Structure formats: C-alpha cells, structure tokens
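Some notes on the structure that comes next.
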Amino acid sequence: MAIKVPPGQSPPFETIDDKHHAGIVIIVAAICLVISLVCLLIRVYVRVFLNPPWGSDDIILLGATISAIAESIIIFHAASIGFGTDISLLTEKAVNRIQDSLLGADILYLLTLYLSKCCIIAIYLRLTPRRRHKSILWATFGLSTVGIIVSVILIAVDCEGNKPLVVPGEQCHNLDKFPRWQAITALDISTEILLFTFCIALVWGLQMHISHKIVIMVSFAARLPLIILSALHLSALKEYATEENPTFTAISHTVFTQLHLNYALIACTVFCLRPFMNALTTHYGTAGDSNLGSSSGGYAYGSRRRGDTDPYVSGRSRDYEMGTVKGRSGHRASGLFNKRPDVGDGTENGTVVS
Numbered sequence: 001m002a003i004k005v006p007p008g009q010s011p012p013f014e015t016i017d018d019k020h021h022a023g024i025v026i027i028v029a030a031i032c033l034v035i036s037l038v039c040l041l042i043r044v045y046v047r048v049f050l051n052p053p054w055g056s057d058d059i060i061l062l063g064a065t066i067s068a069i070a071e072s073i074i075i076f077h078a079a080s081i082g083f084g085t086d087i088s089l090l091t092e093k094a095v096n097r098i099q100d101s102l103l104g105a106d107i108l109y110l111l112t113l114y115l116s117k118c119c120i121i122a123i124y125l126r127l128t129p130r131r132r133h134k135s136i137l138w139a140t141f142g143l144s145t146v147g148i149i150v151s152v153i154l155i156a157v158d159c160e161g162n163k164p165l166v167v168p169g170e171q172c173h174n175l176d177k178f179p180r181w182q183a184i185t186a187l188d189i190s191t192e193i194l195l196f197t198f199c200i201a202l203v204w205g206l207q208m209h210i211s212h213k214i215v216i217m218v219s220f221a222a223r224l225p226l227i228i229l230s231a232l233h234l235s236a237l238k239e240y241a242t243e244e245n246p247t248f249t250a251i252s253h254t255v256f257t258q259l260h261l262n263y264a265l266i267a268c269t270v271f272c273l274r275p276f277m278n279a280l281t282t283h284y285g286t287a288g289d290s291n292l293g294s295s296s297g298g299y300a301y302g303s304r305r306r307g308d309t310d311p312y313v314s315g316r317s318r319d320y321e322m323g324t325v326k327g328r329s330g331h332r333a334s335g336l337f338n339k340r341p342d343v344g345d346g347t348e349n350g351t352v353v354s
C-alpha cells in the first residue's frame with residue numbers, strides 16, 4: 001500500500017512495511033559504521049596527540065576500517081536497487097545486480113574480519129619477545145590467511161558469482177551455500193578461541209598482581225562476543241536458506257553481518273580507551289601534555305611530559321616486554337613484564353602492561 005504523503009511533505013527515504021525492509025539494514029549499517037569510525041578517530045587521536053608514531057596494528061586497523069566502509073557502501077547500494085524488497089516486485093535484472101553486490105559485500109565482510117584478527121596478532125607480537133610465542137602467533141596468522149583465501153573461493157567459485165539469486169540452497173548445485181558458510185564460521189570461531197587462549201597462556205605464569213592479569217584478559221576478552229555474533233550470523237543464514245524470497249528474508253542475516261564486522265573493529269580499539277579517557281577527564285583540551293606516562297595498570301599508551309628528560313617517563317620508552325624471572329619455587333618462570341633498559345628501538349607501539 002502506497003504511503004499517503006501530506007501536502008508540502010516529501011516521501012520517506014525508505015518505506016518499511018510487509019514488502020519493504022531495506023530501511024532496517026540501512027539504519028543498522030549506518031549506526032554501526034558511525035560507531036566504528038568514532039573508534040578509529042579515538043585511535044587516531046591517541047596516536048597523533050598522545051603517543052605517536054603509528055604501529056603495525058594501527059595501520060592494519062585502518063585497512064580493516066576502509067574495508068568495512070566499502071562493505072557498507074555496497075550494502076547501501078544494494079538497498080537502493082531493491083535489496084530488502086519482496087522479490088515479486090523486482091525484475092530479474094535487479095535481482096542479478098543485487099546478487100553481485102551481496103557477493104562483493106560478503107568478500108569484504110570476510111576481509112574485515114581477517115584484518116581485525118591480524119590487528120590483534122600484531123598487538124600480541126609486540127607484547128612478547130619469546131620465540132615460541134611468536135611462532136604460535138605467526139602460525140595463527142598463516143592459518144587465518146589460508147582461511148580467508150579458502151573462504152573467498154568457497155563463496156565465489158561456482159556459487160553466487162554465476163547463479164541468479166534464487167533459493168540459496170539451489171545456488172551451488174550439490175554443495176549448497178549453507179555448508180560452505182558452516183565451514184567458514186567454524187574456522188572463524190576457532191581462530192577467535194585460539195587468540196583468546198593465547199592471552200590466557202601469555203599471562204598465566206606471570207609474577208604480577210591478579211588485578212593486572214584480569215585487566216589484560218578483559219581487554220582481549222572483548223572479542224569473545226564475536227563468537228556469538230558469528231553463530232547468529234550463520235543461524236540467520238540458515239533461516240532463509242530454503243526461502244523463495246531471499247531478497248526480502250536475507251535482511252536479518254545482513255543485519256548480523258553488519259553487527260559482526262563492525263564489532264570486530266570496535267574490539268580492536270579497547271586498548272586505546274584508557275589513555276583517551278584519562279586525557280579527557282584529567283587534562284581536557286591538553287591531552288598531549290598530560291601525565292599519562294605515569295599511569296599504571298592495564299593497557300596504557302604513555303605520553304611524555306614537557307621538559308621531562310627521564311627516558312623511563314616517556315610512554316614509548318616505558319614499554320614493557322615479557323621477561324624471564326625466577327618463580328617462587330626458584331625455577332625460571334614464564335615471565336614478568338619488565339621495564340626495558342633502553343629508550344626503545346622505535347618498533348614498539350606504546351602498549352604497556354604494568
């Protein structure tokens with residue numbers, strides 16, 4: 001039923017009724033994208049005003065955000081050409097264009113998740129100098145890299161790229177779409193669990209206060225909700241896997257896609273929130289001159305006071321790394337985050353654990 005627009009008023013940008021749901025995904029995608037951009041700006045602020053220069057994890061996060069922006073643009077475009085509209089109201093040409101757009105969005109969705117994992121791996125690599133730890137991290141990176149390549153092939157080859165967007169279960173001949181996404185989701189959840197397990201192993205044997213260990217684990221545990229979102233994303237896909245109206249019923253699946261990929265970006269900013277809030281609440285407007293370098297506990301990005309010549313006051317030189325100390329039993333235990341004896345080689349990124 002057409003909406004009656006009062007005289008002098010413009011029709012709504014999108015209509016939400018029993019035949020049109022595009023407005024739902026547009027609103028969700030826009031809100032999620034804005035929050036992700038705010039988190040990126042917080043990270044840029046920390047790097048520019050509190051503790052430059054940029055590290056590898058910052059560059060990776062920037063790339064992930066660009067990928068998420070491109071994915072959102074594609075979703076907006078798909079909505080503008082009929083995605084979220086009952087398929088009975090669309091032409092075959094429009095359906096094929098929507099399918100092509102959604103294939104591109106799915107690839108960028110997987111790429112964004114992959115880059116967010118690489119960001120966390122880069123942070124881990126900075127925190128530990130141990131060769132065994134680095135080997136595990138590089139193996140995880142390799143697994144994720146192989147996973148993204150295989151995932152893109154699974155969803156693109158002999159599937160969405162060459163079949164009209166009809167019933168998803170019929171798109172890929174005998175090997176349909178849902179089992180492929182099951183494999184992709186299983187790999188995604190496995191790598192997330194592996195990354196958090198590494199955090200537990202990293203701090204388990206450290207001679208530090210339990211509250212500091214909790215802060216570290218909570219920071220990395222911020223990614224655990226991604227496991228739930230990944231499962232919900234797959235569940236929503238299953239709901240419309242046998243539907244005859246995929247351009248309309250796929251909206252809930254796309255909503256979880258937006259929540260999943262944008263939360264992956266937000267979780268990468270958790271490590272910057274403490275210095276940002278310290279600057280905001282203690283020296284509002286002069287964050288670059290604040291005494292964040294003296295803050296302790298958790299993950300903090302230090303900042304040098306003006307006129308302070310002590311190399312250990314500098315946030316960059318106050319970086320901590322894993323060391324090896326004697327445990328209570330007299331054995332060489334797995335570490336403590338010890339102060340570096342020098343100002344730094346410029347490769348640190350300012351993340352400290354004290």
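Under the UniProt record's numbering, read the sequence shown as residues 1 to 354, first letter to last.
Idealized CB from N, CA, C, for every residue including glycine.
In this text, all values refer to a predicted model and were calculated from it rather than measured experimentally.
Can you look up residue i in the DSSP assignment and give me helix, strand or coil?
i: MET322; result: Confidence at MET322 is low in this model, with a pLDDT of 42, below 50, so its placement is unreliable and the value that follows should be read with caution. In this structure, MET322 counts as strand in the three-state DSSP scheme.
i: THR15; result: coil
i: HIS233; result: helix
i: LEU269; result: For the record, residue 269 in the displayed sequence is Thr; it is not Leu. Correct three-state label for THR269: coil.
i: THR85; result: strand
i: HIS21; result: coil
i: GLU92; result: helix
i: ASN262; result: helix
i: LYS4; result: coil
i: THR249; result: helix
i: TYR240; result: coil
i: residue 357; result: This structure leaves residue 357 out entirely; the chain is present only between 1 and 354.
i: PRO179; result: helix
i: HIS77; result: helix
i: TRP54; result: coil
i: GLN99; result: helix
i: MET217; result: helix
i: LEU187; result: helix
i: HIS212; result: helix
i: LEU206; result: coil
Return the chain-ordered list of same chain residues with a C-beta closer than 6 Å to the C-beta of residue i, the five sequence neighbours on each side being excluded.
i: PRO225; result: none
i: SER334; result: Low local confidence applies: a pLDDT of 39 at SER334 is under 50, so the model's placement there is unreliable, with the coordinate-based value given in what follows. The answer, listed in chain order, is GLY205.
i: ILE120; result: LEU195
i: VAL28; result: VAL255, GLN258
Assuming residue i and residue j are in contact, meaning their beta carbons sit under 8 Å apart, how far apart are those beta carbons, in whole angstroms?
i: LEU195; j: THR140; result: 7 Å
i: ILE73; j: PHE83; result: That belief does not hold up - the Cβ atoms of ILE73 and PHE83 are roughly 13 Å apart, past 8 Å.
i: THR112; j: ALA264; result: 7 Å
i: CYS33; j: ALA68; result: Inspection of the sequence shows that residue 33 is occupied by Leu rather than by Cys. Between ALA68 and LEU33 the Cβ distance is about 7 Å, and since that is below 8 Å, they are a contact.
i: PHE76; j: ILE24; result: Their Cβ separation, rounded to whole angstroms, is 13 Å, which puts PHE76 and ILE24 out of contact at 8 Å.
i: ALA64; j: SER116; result: 5 Å
i: ILE216; j: CYS39; result: Wrong, their Cβ atoms sit about 20 Å apart, outside the cutoff.
i: THR247; j: THR85; result: 6 Å
i: residue 384; j: ASN262; result: As displayed, the chain neither begins before 1 nor continues past 354, which places residue 384 out of reach and without an answer.
i: ALA48; j: LEU110; result: Residue 48 is actually Val in this sequence, not Ala. No, VAL48 and LEU110 are not in contact; Cβ-Cβ is about 30 Å, not under 8 Å.
i: ILE189; j: SER230; result: 6 Å
i: LEU127; j: LYS19; result: The Cβ separation is near 52 Å, so there is no contact.
i: LEU125; j: LEU137; result: 6 Å
i: GLU71; j: ALA30; result: Not a contact, Cβ separation roughly 13 Å.
Between residue i and the rest of its own chain, which residues show a CB-CB distance below 7 Å, the 5 nearest in sequence each way excluded?
i: ARG43; result: ASP58, LEU61, THR269, CYS272
i: residue 366; result: The structure shown does not extend to residue 366, since the chain spans only 1 to 354, so no value can be given for it.
i: ALA94; result: ILE81, GLY82
i: THR254; result: VAL25, ILE75
i: ALA236; result: SER252, HIS253, PHE256
i: TYR240; result: PRO168, PRO246, THR249, ALA250, HIS253
i: TYR114; result: SER144, ILE148
Short of 8 Å in beta carbon distance, which residues of its chain neighbour residue i, apart from the five on each side in sequence? Order them along the chain.
i: ALA156; result: LEU103, ILE107
i: ILE193; result: ILE227
i: THR191; result: LYS117, THR140, LEU143, SER144, GLY147
**Prompt:** Is it a yes or a no for the region 244 to 261 touching the region 214 to 221, going by three-plus beta-carbon pairs under 8 Å?
**Reply:** By the Cβ test, the region 244 to 261 is not in contact with the region 214 to 221, since fewer than three Cβ pairs between them sit closer than 8 Å.
**Request:** Could you tell me which uninterrupted beta strand (DSSP E) segments, each at least 3 residues in length, are contained entirely in the region 109 to 166, listed from first to last along the chain?
**Result:** If we require 3 residues or more, the region 109 to 166 turns out to have no beta strand (DSSP E) run fully inside it.
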